[in-house]
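Protein chains in written order, with this note's numbering: chain X, 1 to 508; chain Y, 509 to 996.
Scroll down for the structure; my scribbles are underneath it.
Take a look at the structure:
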């Protein structure tokens, strides 16, 4: 990789976001240890400088390779099938309204918060099959890594920036699936990088407004980007770095972005979508449950945050309020719910990079154009390599009963199916004529209905009533589930097939 | 009560606040009325928290253990009550169990409720001992009360209350050691009492070690002084092996956690968003950390290590959130005090005596109140006792896990299939119990293995329904959310 040799060459020192004094402090402190001759740390600095390019090149190759390996694997998430079905349905001219075209028991119209990646995903699948989706995910991960590095590199030199970006990628691992939320993480990293630059020159980045429009067409977490903007702008005001007029100018960016989010094809109702989805999902969906330190990603993210906090507490300088604001936002996201741990990792990345940089005995320099091109080239190579890898590794999806698809398609159109929540997306995709009594779009159902569905799945007292009321005559259930056991043992349903841990049951 | 915090010469303390020596100009005098009012409000809050019926699921089997020991039972050995247990039962909480049972024998259930109330009063006093050392009366009372709220999830009538009191004492003592670098040898016999009371004794030793390591990192100790200070936690560890349980007590916490971490709710990782006590505790820690990072001074490692310990224990499991709250209490109090920009005034003897009188008065008032409020237990189906009494002695009962302690205490002639002492059962057995409770495939295997002839289950549970619908068990009585069934 000779091209990467130029990733850290000497450049003008980074400005305000990377405190020059701190760097000088590190070097001066080291020199004080050995009064005569060259200091130990001085020798170390020279060595690192001599081999700096090599270290950065090796680090970049390792990180991009690891991200590629993380990215190329079979489809294993339950959600992409739903998004593929939505893309297919929209491209065929279908539209969602009330009553819902797929779910007979939906109580509200479905709001298409993720229509853009759904269409792109479907077009890709149509042309390349499951490996196409796996490749898209890999591309998403590499783009996220690049966006993170773009952000962290502003706060630190190459070694600290790439390391922090990679650690953040590990913290965001649970969000690195073949779902539109990957786009949210990319947009968040870009938004964060833009606001970090704003803290240096206090200039608004108006291009964030159209970016937020695209984000709002892709996934429901666009609100977090606005929040980051508001936190940074208010933090800068607390730091007394600008007057009211400047603050108003900066706050216009998130406000205009909010307005742009109301102008997508979904219309102004998109502005309320995050709250309507959240009200149901918080109670019933696993990834909306509170995060705990039994999840490795939460541990990684909390370690990132903890590292920054300890560095600040042990430092004689006080962090800016906008940095404190970002760290608090990150901490709240890390502890709020499983799905926001990835958000927390992304927000913590530049803060971690900055503190890592303060530990290194060398100056942070701006990346050269050659270094930037080297990174882009390396990522492009990784994407090219990922294509045949995806073809070889991701032909068959995981976690869904593909061998039952033919049987399901033979069931008469309109038949109601009680299915384990996770498999309903695949059911809608592989047997679109069947009607699941509940599906992954949990926000379209009434909460009391969802509660009864959950009780029925646990074979609670109302399970018979639920099955009768919904008119389900087919079940596609986890074979270890209480409802599958109850249907077989107590209602005489018989198993007509099984695959990937799922049983296909039919009423007698 | 007007002199809980009155004018005194400034503390003879080497610490300064924001570079100012204590008691210099600009010190804002705390009105003597405010501390008195806040103290009385705190005491009222403690009474409110402490006086209620006995309602902890575990209280019952602790009484049973107390009775067992007072009647000549052994401290360790094969389980005397449950034939399905495959691991020995180690009585690592024998001291409060014996005390509580004796209280019960003399005065009935109100005595147990009163003991809990007294323990809460003592816990608050111990917390105040920590916080008042680093803050004036009002901030000290506020943070002690916040810390007590952080421990609210663990304020049941269980031996762990002793652990919380002991931990607060350890934290306060370690804080003082961090200031004067003198060892507190009295912590060693105290730890012996702790080890005889509850399994969290190692948290105190951990706090002691962390502070010594932190002081060493801060370069405030020579090798010799570090070794001397380290002798306190090491000596405490050694005396833990000298309780009547013997050296095996040292391994007991790990044995308990083997099953508990997987199956027992309070041993699960803390879900912060839905746990108010965890949020309160994290806010306490955040207050301290925010003060540090905005301060121009470097935070010493020993304080940082305490904060890290508080965060880890708060997030580790619901069971240890109170540990985090107690460790965080003086950190938060110190941060709150720093907002005053003065060093705290040392409490005088008179104010200490007044506080002791206030607590004593609360404990005395609690006697008649608990006698009225706590005559009957809460959260248990007492109305089902008559039906359960009809079951022949030795009948195996398929029981709801939460009721097993009560069943063991109230219906000792019956045999529960699983009780709250999860550590004495094999992992496979607990798995099979859960599979049965959730009516998952193979659920009847557990019935075949244990052969229950009665069941005491939640009325709305899937297993109650399955027993009735599929195996035709006969419901005998339903009350207070539970149903007694008999095998056909």
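Note that beta-carbon positions come from the ideal geometry of N, C-alpha and C, so glycine has one too.
So, is residue 358 of chain X buried or exposed, given that buried needs 16 or more other C-beta atoms within 10 angstroms? buried
Are the C-beta atoms of residue 801 of chain Y and some chain X residue less than 8 angstroms apart? yes
If you pair each beta-carbon of the region 319 to 326 of chain X with each one of the region 829 to 839 of chain Y, do three or more pairs fall below 8 angstroms? Counting Cβ pairs under 8 angstroms, fewer than three are found: no touch.
Answer with buried or exposed for residue 845 of chain Y, where buried requires no fewer than 16 other C-beta atoms within 10 angstroms of its C-beta. buried
How should residue 468 of chain X be labelled, buried or exposed, when 16 other C-beta atoms within 10 angstroms of its C-beta is the threshold for buried? With fewer than 16 neighbouring CB atoms inside 10 Å of its own CB, residue 468 of chain X falls in the exposed class.
Under a three-way DSSP split, which group does residue 927 of chain Y fall into? coil
Check whether the region 598 to 605 of chain Y touches the region 695 to 711 of chain Y, taking contact to mean three or more Cβ pairs, one atom from each stretch, closer than 8 angstroms. yes
Residue(s) in a DSSP beta bridge with residue 986 of chain Y: Y/991
Answer yes if the region 164 to 173 of chain X comes into contact with the region 137 to 148 of chain X, meaning at least three C-beta pairs across the two stretches below 8 angstroms, and no otherwise. yes
State yes or no: is the beta carbon of residue 951 of chain Y nearer than 8 angstroms to at least one beta carbon in chain X? Yes, its Cβ sits closer than 8 angstroms to a Cβ of chain X.
Among Y/617, Y/581, Y/598, whose alpha-carbon lies nearest the alpha-carbon of residue 883 of chain Y? Y/617
According to DSSP, which residues form a beta bridge with residue 502 of chain X? X/478, X/499
Of all the residues that make up the region 274 to 294 of chain X, which are near chain Y by a beta-carbon distance shorter than 8 angstroms? 289, 290, 291, 292, 293, 294
If we define contact as Cβ-Cβ less than 8 angstroms, is residue 782 of chain Y a contact residue for chain X? True, the Cβ-Cβ gap to chain X drops below 8 angstroms.
Straight-line gap, residue 812 of chain Y to residue 314 of chain X (C-alpha atoms, nearest Å): 9 angstroms
Flag residue 337 of chain X as yes if its beta-carbon sits less than 8 angstroms from any beta-carbon of chain Y, otherwise no. yes
With DSSP run on the structure shown, which of helix, strand or coil describes residue 745 of chain Y? helix
Between residue 495 of chain X and chain Y, is there a C-beta pair that is closer than 8 angstroms? no
Does any C-beta atom of chain X lie closer than 8 angstroms to the C-beta of residue 828 of chain Y? no
Pull out every residue of the region 152 to 175 of chain X whose Cβ sits closer than 9 angstroms to any Cβ of chain B, in chain order. Structure shown: chain B not included; protein chains present are X and Y.
For a cutoff of 8 angstroms on Cβ pairs, would you count residue 806 of chain Y as touching chain X? yes
So is residue 446 of chain X buried or exposed if we call it buried at 16+ other beta carbons inside 10 Å? exposed
Please report how far the alpha carbon of residue 288 of chain X lies from the alpha carbon of residue 566 of chain Y, in whole angstroms. 32 angstroms
Return the residue from the list Y/549, Y/666, Y/988, Y/943 that minimises the CA-CA distance to residue 1025 of chain Y. Residue 1025 of chain Y cannot be examined here, being either before or after the span of chain Y that is shown, 509 to 996.
For residue 962 of chain Y versus residue 942 of chain Y, is the C-beta spacing smaller than 8 angstroms? no
So with CB distances below 7 angstroms, who are the chain X contacts of residue 824 of chain Y? 293
Three-state class that DSSP yields for residue 36 of chain X in the structure shown: Here residue 36 of chain X scores only 42 on pLDDT, less than 50, and its place in the model should not be relied on; the value that follows carries that caveat. Looking at residue 36 of chain X - three-state DSSP - the assignment turns out to be coil, as it is neither helix nor strand.
What distance in whole Å lies between the Cβ atoms of residue 863 of chain Y and residue 547 of chain Y, which are believed to be in contact at a cut-off of 8 angstroms? Contact flag correct, Cβ pair sits at about 7 angstroms.
When the Cα atoms are used, what is the spatial distance from residue 709 of chain Y to residue 861 of chain Y? One C-alpha to the other measures close to 29 angstroms.
Could you check where the alpha helix (DSSP H) with residue 98 of chain X kicks off and where it finishes? Looking at the DSSP string, residue 98 of chain X is not in any alpha helix (DSSP H), and its letter there is neither H nor E.
Could you tell me the alpha carbon to alpha carbon distance between residue 932 of chain Y and residue 760 of chain Y, rounded to whole angstroms? 11 angstroms
Consider the Cβ of residue 461 of chain X: report whether some Cβ of chain Y lies at a distance smaller than 8 angstroms. Answer yes: the Cβ-Cβ gap between residue 461 of chain X and chain Y drops below 8 angstroms somewhere.
Could you check what DSSP says for residue 762 of chain Y in three-state terms: helix, strand or coil? In this structure, residue 762 of chain Y counts as helix in the three-state DSSP scheme.
Could you check where the beta strand (DSSP E) with residue 907 of chain Y kicks off and where it finishes? Here the beta strand (DSSP E) through residue 907 of chain Y covers 904 to 907.
With a cut-off of 8 angstroms, do at least 3 Cβ pairs link the region 409 to 429 of chain X to the region 84 to 91 of chain X? yes
Compare the C-beta of residue 789 of chain Y against all C-beta atoms of chain X and say whether one is closer than 8 angstroms. no
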